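This report concerns only the one structure given below.
Chains as they are written, first to last, in our numbering: chain A, 570 to 877; chain B, 570 to 877.
What follows is the structure in structure tokens.
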């Protein structure tokens, strides 16, 4: 239990939360960062080539640099999960799973987004037995084997390209007729000769004995089924915000994303948000970082009792 | 004269423009960057300590890394000034001072902002003879001398702290009774014993023989005048957008800043903007970079003929 009244609690320790922490610290605010996963989803990126200043860097390395930057300013990053938030007349009570509660005058929500499930037969049963949501984490286990990547966006293509250097054959399975990813990624994918595109195919079941041995696909037009022999299924079907504790606290859109204005203010006074958890459609490290800075400066202005 | 129809012309080569260029290139767009000053105002910062990933870096070094990042993607940065823009049914004609014109289907305005003048007697006459708008550029010329910094915001304090390591005495002259800067900067300023704060003082004249010898101040309350013997006057009185060529083309606010929404779209379809030139109140490298990425992705979505 922390009785001290803080200026700001930052929920989340990915690019948005860590940048907000840097800006809060430099503005002289008393701040606590609480996060489940250091670096958030960014830490799982194999290579980041679009954070200006670093032509190539792994997600883990970049997030490690963010962490050092934050800690060099004397900020503590608490590894815990926020499970509830309440407001009592301008003071926010932030409840965690393990570390009791924190009190603060302003809040920055940077809770990110997590991988979406397919919701098909075998997905839960074979989780950790061939079903994975992180190609970088688990890809090396399937060196020389056949694998499937499910999805057609940037993260799916990023995973497929990464896996093509390890696996024998990579099947890229997408329910639509065309990929929706950056042109440079599509070109890189097309340059790999062990990637087989399975377009217009819907995954319907994952199966095997103890470990994944196959995935069943259904053609989106004809309905014809086919079985791919694979040892792993990497699910890259988008992300979702795990923000149940925010329902009724701040306005969310129909996808559960936090509604913010251009200055990262939410529907509730004193509460700010940035990064993948917000309605901003582009999920990028540099954008999360920029908006994390905006959220912190908006919180600073709010605490000084005047608008930006 | 360039007859080729480009996808995007980016006007400006500071953090916003260069990040937009990285994102345009990675999206497979044909892009030309046109800028007057590589790195913009950021290149003039003595130390940047709030760009996540770099605990300390000079503005020039960081902008050099941005430039290398852009050029590694095969993008050419043209050193020229844009003097006019016209639209002909969805095609933009961008006129430059020296390199003829460019045609493109979308535009990103990242023209930044430039130092504001004081507009007092002697300021023009002694420009380059002691009157400077860049402490980092000209500070080393006044080693061991007395200097004045005019302003009370982050850039003024940054300049005063920087100069305090070089000059004999630094007078910080501000027309208001309190400084409006980051707490960490105020603390750092207060730790220097050769900085003399002159609050509630309005500069009214700069004078000398061939070079600056004094600045005359007037007390904001009593009207009493005083003369400071200084060899240099560093003006840090805020910034202004040099966007005369944008009047009537896109909506500007009363300060001449480009009106944008949360996705960096201006009032004109196909025209996007990011960085210090926009209405976003926080002028920071990381924010300009994040919004540069947003502007590029919004331009990409526009060109694909669908909303973000």
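Backbone N, C-alpha and C define an ideal beta-carbon position, used for all residues, glycine too.
Computed from a predicted structure; not experimentally measured.
- Between residue 604 of chain B and chain A, the shortest Cβ-Cβ separation is not below 7 Å.
- The alpha-carbon separation between residue 772 of chain A and residue 785 of chain A amounts to approximately 6 Å.
- Listed along chain A, the residues sitting closer than 8 Å to residue 619 of chain B by beta-carbon distance are 591, 592, 595 and 862.
- Within 7 Å of the CB of residue 855 of chain A, the CB atoms of chain B belong to 588, 858, 859 and 862, in sequence order along the chain.
- Within the same chain, and ignoring the five residues on either side of residue 588 of chain A in sequence, the residues whose Cβ sits closer than 6 Å to its Cβ are 858, 861 and 862.
- Against chain B, the CB of residue 752 of chain A has a partner CB under 7 Å away; the residue lies at that interface.
- Among the residues of chain A, those whose CB is under 7 Å from the CB of residue 635 of chain B are 621 and 622, following chain order.
- DSSP, reduced to helix, strand and coil, places residue 714 of chain B outside both helices and strands of the structure shown, so it counts as coil.
- In this structure, residue 830 of chain A and residue 673 of chain A do not form a Cβ contact; the two beta carbons are roughly 21 Å apart against a cut-off of 8 Å.
- Scanning chain B for C-beta atoms nearer than 7 Å to the C-beta of residue 830 of chain A yields 831, reported in chain order.
- Put simply, the CB of residue 638 of chain B is near chain A, with a gap under 7 Å to one of its CB atoms.
- For the options B/598, B/777, B/732 and B/644, the alpha carbon positioned closest to that of residue 574 of chain B is the one of B/598.
- For residue 788 of chain B, the enclosing beta strand (DSSP E) begins and ends at 783 to 788.
- The continuous alpha helix (DSSP H) containing residue 854 of chain A extends over residues 854 to 872.
- Counting of Cβ neighbours within 10 angstroms places residue 833 of chain B among the buried residues, the total reaching 16 or more.
- Within the same chain, 705 and 731 come within 6 Å of residue 615 of chain A by CB-CB distance, once the 5 residues on both sides are set aside.
- In the DSSP assignment, residue 701 of chain B forms a beta bridge with B/803.
- CA-CA distance, residue 840 of chain B to residue 868 of chain A, rounds to 30 Å.
- Across the structure, residue 637 of chain B and residue 729 of chain B are spaced so that their CA atoms are roughly 31 Å apart.
- Residues of the segment 638 to 672 of chain B with a C-beta atom less than 7 Å from some C-beta of chain A are 638 and 641, listed in chain order.
- Inclusion of residue 819 of chain A and residue 837 of chain A in the CB contact set at 7 Å is warranted, their separation being smaller than that value.
- By the criterion of at least three beta-carbon pairs nearer than 8 Å, the segment 578 to 587 of chain B is in contact with the segment 608 to 627 of chain B.
- Taking a cut-off of 8 Å for Cβ pairs, the segment 637 to 649 of chain A and the segment 754 to 770 of chain A do not touch, as fewer than three such pairs fall below it.
- Between residue 689 of chain A and residue 804 of chain A, the CB-CB gap reaches or exceeds 7 Å.
- With respect to chain B, the C-beta atom of residue 607 of chain A has no partner C-beta closer than 7 Å.
- For residue 748 of chain A, not one C-beta of chain B is nearer than 7 Å to its own C-beta.
- By the neighbour-count criterion, in which 16 or more other beta carbons inside 10 Å mark a residue as buried, residue 824 of chain B falls on the exposed side.
- The DSSP assignment places complete beta strand (DSSP E) segments of no fewer than 3 residues inside the segment 583 to 635 of chain B at 600 to 604, in order along the chain.
- Within chain A, the residues 622 have their CB atoms less than 8 Å from the CB of residue 631 of chain B, given in chain order.
- Within chain B, the residues placing a beta-carbon under 9 Å from that of residue 866 of chain A are 850, 851, 853 and 856, ordered along the chain.
- Residue 831 of chain A sits in coil when the DSSP states are folded into three classes, being neither helix nor strand.
- Around the beta carbon of residue 746 of chain B, fewer than 16 other beta carbons sit within 10 angstroms, so the residue counts as exposed.
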